[in-house]
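> First, the structure itself, so that you have it in front of you.
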């Protein structure tokens with residue numbers, strides 16, 4: 001940082017007004033953390049711009065003065081993407097929270113990056129439209145952050161991740177330029193299109209200020225199936241069959257025995273299909289335009305389930321039934337942290353054909369390092385949440401064991417056609433594993449692009465491929 | 001070019017063998033043209049590398065010596081992307097034509113860039129898989145070229161364009177680096193992902209040597225509907241209703257009255273639904289996993305057609321029926337060129353809500369400039385082929401009128417939320433219109449990326465955003 005903090009504050013106040021700038025430690029404190037373990041980093045100044053032009057002036061100033069800028073949405077990231085690890089400025093998008101246009105003929109929505117994910121999803125449904133972006137953090141995550149991490153969800157298997165919903169982005173580059181990356185039409189073969197480069201860039205290339213999402217007609221029918229299997233093998237084979245069937249489920253969540261038993265014990269009472277002889281759950285969801293199509297899907301899915309040794313299946317159509325069937329799945333996170341336990345969420349993605357060997361490998365690795373393991377997640381995409389648990393009073397040795405186990409898992413993944421992260425991004429926590437996935441040429445290509453767009457290296461330094 | 005042609009030939013021969021290098025004018029001649037009007041450009045040397053490593057050595061040499069390189073697939077482009085406008089080297093991918101892996105559990109195929117599109121589509125169907133990339137040139141276009149132009153097709157409305165099918169690319173950069181851009185799994189939130197930057201880059205950033213396409217289960221049912229409408233308005237309203245219905249047709253081709261009458265006259269005889277009172281055709285296709293779903297789609301589509309004033313509808317299920325119903329649509333191109341006429345294909349894409357006003361505007365523009373007009377294409381995507389016809393004996397004045405009309409159309413498109421090209425790319429022919437769509441900052445951002453990756457500006461100079 002080449003300027004004094006007081007000069008920085010004066011400048012930011014002149015741009016955004018004094019009420020939108022702060023260096024009060026109490027105000028700053030919550031912005032020093034996100035949802036990543038218990039990490040916290042101090043920083044110098046919080047600023048809440050209200051327009052792209054304000055963002056532009058801030059970035060130009062910070063570029064000129066070598067001030068690190070950490071863009072922040074809802075702070076829902078779990079790999080530390082929003083942690084101000086280098087201090088400097090935290091640029092919060094919370095004031096840029098307007099939904100600008102919902103177009104129900106052309107099927108898109110334009111919104112500012114600070115809109116809450118759930119708010120946007122709800123708004124477009126008023127127009128009979130649907131935005132299939134549903135991270136579990138959608139109640140407090142912001143759409144700019146969803147795009148920046150290329151967030152996934154249980155529904156990615158049908159609709160793709162956040163990046164696939166993005167038509168166009170307004171981005172402020174580190175030099176202050178404000179550009180639109182693409183266009184608001186789906187077919188576009190005009191010049192280089194950097195839209196998908198910014199999706200997943202984790203704040204390292206600029207600040208996303210507006211998002212144009214493509215929308216689809218709202219599915220009018222949604223049904224859940226909870227299927228219990230005797231073995232993991234049967235369940236995974238069912239997932240592969242589902243994938244090849246063309247039935248296109250909107251979710252196919254696998255809950256391995258460890259997650260099942262652990263969460264059932266936490267919840268207590270009697271949970272659906274938690275019973276002797278059932279060792280794996282599969283939660284399958286269908287979203288269809290109408291009930292006739294849904295009826296057909298369910299018949300076909302039932303036949304598949306029978307063929308693949310499903311022990312028992314429950315159907316949920318009403319909100320209450322669905323709540324009951326999904327309760328265990330959505331209580332896993334709570335169960336894991338209920339006793340002060342923290343966890344490392346390895347959200348690696350492997351080819352579906354490698355899912356069973358992957359689960360066997362992580363089970364073996366965790367057994368060897370004596371790290372408690374919970375496995376569940378987006379099976380059809382080969383994207384499980386492999387949770388390595390850590391007691392709150394863990395010794396340094398236990399912490400090192402977890403780290404060693406994680407490294408072994410990432411090494412396994414990247415040598416078996418998988419990727420380090422399916423939906424959480426690299427952020428701060430996983431950057432050291434990048435060389436496992438990328439060779440030197442590929443990594444330097446990414447860093448080359450980063451340094452071209454951000455020569456002063458102010459944007460989220462130390463995150464993802466960016467260095468400091 | 002900083003070396004003598006003889007030195008260039010010797011070097012290329014040392015890399016690829018003398019049988020894969022030529023400067024014989026007769027051998028070179030066909031490589032000086034693609035499908036773009038009657039344009040032809042001479043160049044110095046043809047090389048046909050057999051491996052990415054050979055491509056790497058060629059690009060490194062050409063970078064060092066300032067030799068322009070025009071990568072070439074099947075030469076099916078219609079905007080001049082493969083024209084060697086600066087001479088130098090034409091790098092033909094025709095020898096790199098192996099299909100390497102079809103994986104029917106994980107759902108992807110890995111193939112070299114010189115594989116013919118139709119060959120790849122056919123091969124994956126042997127595995128009950130489907131690649132929804134179907135440009136009309138698929139019989140002779142190559143997959144590397146499809147990716148480089150982000151080719152579309154009648155099926156883009158359901159499946160997206162070529163870019164959306166790409167999981168991963170092997171690319172040789174101008175400095176000779178060979179990188180994989182992404183990964184062979186669909187969910188990937190790991191570092192910057194430049195895959196979609198190369199899709200649509202029209203050979204300006206490097207040479208695509210391998211393509212990994214995501215595959216989907218092969219639809220087992222496919223049915224065509226040919227619907228006749230009294231008015232263009234009814235037909236376009238039907239398209240909008242289809243889009244909002246969630247029925248997800250795999251094609252919705254609009255054939256305007258001018259295309260209808262022109263082609264019917266060319267074909268002669270009696271053509272389906274070419275009759276009094278019918279002034280617009282809509283060709284609707286559905287692809288579904290099975291007949292039960294198809295039956296339901298067709299019922300819903302029939303109801304929609306009735307509601308939207310469809311005068312008559314014909315159904316095609318067998319190959320012979322489909323051939324009959326699509327005959328006129330696929331004869332339009334032939335009809336246009338049958339008398340030595342050439343055409344300018346304006347493949348602009350506009351928001352669907354702006355499609356009727358767009359057609360009215362181009363009709364007015366062409367009337368004023370006295371340019372014959374044929375309109376048809378991918379209505380659901382707002383992506384029509386607006387064909388401006390030019391007689392083979394056209395005077396300079398007529399050619400200038402066509403040019404003026406095209407400029408007016410592009411100006412209209414870009415000031416109404418549309419893009420210059422929906423699926424053909426910018427290439428050589430349309431580059432002068434880029435400033436209509438992009439402001440200075442956005443254009444210089446693209447050129448900045450281009451010059452970062454290709455500092456010697458050897459890759460397809462003069463095409464798309466690249467200058468010379």
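Chains as they are written, first to last, in full-length UniProt numbering: chain A, 1 to 468; chain H, 1 to 468.
Note that the Cβ used here is the ideal one computed from N, Cα and C, for glycine as well.
1) Closer than 7 Å, CB to CB, is residue 150 (chain A) near chain H or not?
2) Along chain A, which residues have their Cβ under 8 Å away from the Cβ of residue 197 (chain H)?
3) Quick one: which residues of the stretch 8-31 of chain H get their C-beta closer than 9 Å to a C-beta of chain A? List them in chain order.
4) Determine the burial state of residue 66 (chain H): buried for a count of at least 16 other Cβ atoms within 10 Å of its Cβ, exposed for fewer.
5) DSSP state of residue 127 (chain A), grouped into three classes?
6) May I have the straight-line CA-CA distance separating residue 84 (chain H) from residue 457 (chain H), to the nearest angstrom?
7) Answer with buried or exposed for residue 122 (chain A), where buried requires no fewer than 16 other C-beta atoms within 10 angstroms of its C-beta.
8) On the CB-based measure, 16 or more other CB atoms within 10 Å of its CB, does residue 26 (chain A) come out buried or exposed?
9) Report all residues from its chain with a CB closer than 6 Å to the CB of residue 13 (chain H); omit the five preceding and five following residues, and keep chain order.
10) What residues from chain A crowd round residue 180 (chain H), counting only those whose CB sits closer than 7 Å?
11) Any idea if residue 464 (chain H) is buried or exposed, counting beta-carbon neighbours within 10 angstroms, 16 or more meaning buried?
12) Could you tell me the distance, in whole angstroms, from the CA atom of residue 245 (chain A) to the CA atom of residue 289 (chain H)?
13) Tell me whether residue 340 (chain H) is buried or exposed, calling it buried when 16 or more other Cβ atoms sit within 10 Å of its Cβ.
14) Do residue 234 (chain A) and residue 309 (chain A) count as a contact pair if the criterion is CB distance below 7 Å?
15) Taking Cβ-Cβ distances below 9 Å as the criterion, which residues of the stretch 230-249 of chain H are in contact with chain A?
16) So residue 274 (chain A) and residue 260 (chain A) are in contact, right, with Cβ under 8 Å, and what is the actual spacing, rounded?
17) For residue 451 (chain A), collect the residues of the same chain with a Cβ closer than 8 Å to its Cβ; drop the 5 residues on either side in sequence, then sort them by chain order.
18) Going by beta carbon distance, what residues of the same chain come within less than 7 Å of residue 31 (chain A), once the five residues before and after it are set aside?
19) Pull the bridge partners of residue 243 (chain H) from the DSSP assignment, please.
20) Residue 438 (chain A) by DSSP, collapsed to three states: which one?
21) My output table needs one value for residue 263 (chain H): the three-state DSSP class, helix, strand or coil.
22) Could you tell me which residues DSSP pairs with residue 288 (chain A) in its beta bridges?
23) Under a three-way DSSP split, which group does residue 70 (chain A) fall into?
24) Run through the stretch 137-176 of chain H for me and flag every whole alpha helix (DSSP H) of 4 or more residues, listed as ranges in chain order.
25) Tell me residue 345 (chain H)'s beta-bridge partners as DSSP assigns them.
26) Please name the residues in the stretch 205-222 of chain A whose beta-carbon is closer than 9 Å to at least one beta-carbon of chain H, in chain order.
27) In the DSSP assignment, what residue or residues form a beta bridge with residue 310 (chain A)?
28) What does DSSP give as the partner residues of residue 109 (chain A) in its beta bridges?
29) Just list the beta strand (DSSP E) runs in the stretch 359-411 of chain A, keeping only unbroken ones of 3 residues or longer that don't cross its boundaries, in chain order.
30) At a Cβ cut of 7 Å, what residues of the stretch 377-389 of chain A count as close to chain H, listed as they run along the chain?
31) Which bits of chain A does residue 424 (chain H) rub up against, with CB to CB less than 8 Å?
32) Around the C-beta of residue 432 (chain H), are 16 or more other C-beta atoms found within 10 angstroms, so that it is buried, or is it exposed?
33) Going by DSSP in three states, residue 27 (chain A) sits in which element: helix, strand or coil?
34) Is the distance from the Cβ of residue 127 (chain H) to the Cβ of residue 166 (chain H) below 7 Å?
35) May I ask you to verify whether the stretch 423-438 of chain A touches the stretch 197-209 of chain A, counting CB pairs closer than 8 Å and requiring at least 3?
36) Give me whichever residues DSSP pairs with residue 449 (chain A) in a beta bridge.
Let me spell this out:
1) The count along the first chain starts at 1 and reaches residue 150 (chain A) at position 150. Judged by the 7 Å Cβ criterion, residue 150 (chain A) is in contact with chain H.
2) By 1-based counting over the second chain, the position of residue 197 (chain H) is 197. Going along chain A in sequence order, the residues near residue 197 (chain H) (Cβ under 8 Å) are 192, 193, 194, 196, 197.
3) none
4) Here residue 66 (chain H) corresponds to residue number 66 of the second chain, with the count starting at 1. Classification of residue 66 (chain H): exposed, given that the 10 Å Cβ count is below 16.
5) Counting from one through the first chain, the residue named residue 127 (chain A) turns up at place 127. Looking at residue 127 (chain A) - three-state DSSP - the assignment turns out to be coil, as it is neither helix nor strand.
6) Start at 1 with the first residue of the second chain, and residue 84 (chain H) comes out as number 84. Start at 1 with the first residue of the second chain, and residue 457 (chain H) comes out as number 457. Their Cα atoms are separated by approximately 14 Å.
7) Within the first chain, numbered from 1, the residue matching residue 122 (chain A) stands at position 122. Its Cβ having fewer than 16 others within 10 Å, residue 122 (chain A) is exposed.
8) What you label residue 26 (chain A) is simply residue 26 of the first chain in a count that begins at 1. Exposed: under 16 other Cβ atoms inside 10 Å.
9) Residue mapping note: residue 13 (chain H) aligns to position 13 of the second chain, counting from 1. Cβ neighbours of residue 13 (chain H) beyond the five flanking positions: 21.
10) For the purposes of this step, residue 180 (chain H) is identified with residue 180 of the second chain, where counting begins at 1. Correct list: 442.
11) Walking along the second chain from the start, residue 464 (chain H) turns up at place 464. Classification for residue 464 (chain H): buried.
12) To locate residue 245 (chain A), count along the first chain from 1; it is residue 245. To locate residue 289 (chain H), count along the second chain from 1; it is residue 289. Using only the alpha carbons, I get a separation of about 8 Å.
13) Here residue 340 (chain H) is taken as the residue at index 340 of the second chain, counted from 1. It is exposed - the Cβ of residue 340 (chain H) has fewer than 16 other Cβ atoms within 10 Å.
14) By 1-based counting over the first chain, the position of residue 309 (chain A) is 309. By 1-based counting over the first chain, the position of residue 234 (chain A) is 234. Yes. Within cutoff.
15) 240, 243, 244, 245, 246, 247, 248
16) The count along the first chain starts at 1 and reaches residue 274 (chain A) at position 274. The count along the first chain starts at 1 and reaches residue 260 (chain A) at position 260. 7 Å between Cβ atoms; contact.
17) Residue 451 (chain A) sits at position 451 when you count from the first residue of the first chain. Excluding residues within five positions, the ones whose Cβ falls inside 8 Å are 457.
18) Translated into the one-based positions of the first chain, residue 31 (chain A) becomes position 31. Here the set comprises 46, 72, 90, 92.
19) By 1-based counting over the second chain, the position of residue 243 (chain H) is 243. Paired residues: none, contrary to the question.
20) Position 438 of the first chain, counting from 1, holds the residue named residue 438 (chain A). DSSP places residue 438 (chain A) in coil when its eight states are reduced to three.
21) Indexing the second chain from 1 puts residue 263 (chain H) at position 263. Of the three classes helix, strand and coil, the one that applies to residue 263 (chain H) here is helix, per DSSP.
22) Residue 288 (chain A) sits at position 288 when you count from the first residue of the first chain. Paired residue(s): A:221.
23) For the purposes of this step, residue 70 (chain A) is identified with residue 70 of the first chain, where counting begins at 1. In this structure, residue 70 (chain A) counts as strand in the three-state DSSP scheme.
24) 143-149, 156-159
25) As a working note, residue 345 (chain H) is residue 345 in the second chain. In the DSSP output, where bridge partners are listed per residue, residue 345 (chain H) has H:387.
26) 205, 216, 217, 218, 219, 220
27) Here residue 310 (chain A) refers to the residue found at position 310 of the first chain. Per DSSP, A:229.
28) On the first chain, position 109 is the one that residue 109 (chain A) refers to. Note: residue 109 (chain A) sits in a beta bridge opposite A:102, A:213.
29) 373-378, 383-390
30) 381, 382, 383
31) Here residue 424 (chain H) corresponds to residue number 424 of the second chain, with the count starting at 1. Those are 189, listed as they occur along chain A.
32) As a working note, residue 432 (chain H) is residue 432 in the second chain. So residue 432 (chain H) counts as exposed.
33) Locating residue 27 (chain A) in the first chain gives position 27, where the first residue counts as 1. Three-state result, residue 27 (chain A): helix.
34) Counting from 1 along the second chain, the entry for residue 127 (chain H) is found at position 127. Counting from 1 along the second chain, the entry for residue 166 (chain H) is found at position 166. No, Cβ-Cβ distance for residue 127 (chain H) and residue 166 (chain H) is not below 7 Å.
35) yes
36) Residue numbering aside, residue 449 (chain A) sits at position 449 when the first chain is read from its first letter. For residue 449 (chain A), which the question treats as bridged, DSSP gives no partner whatsoever.
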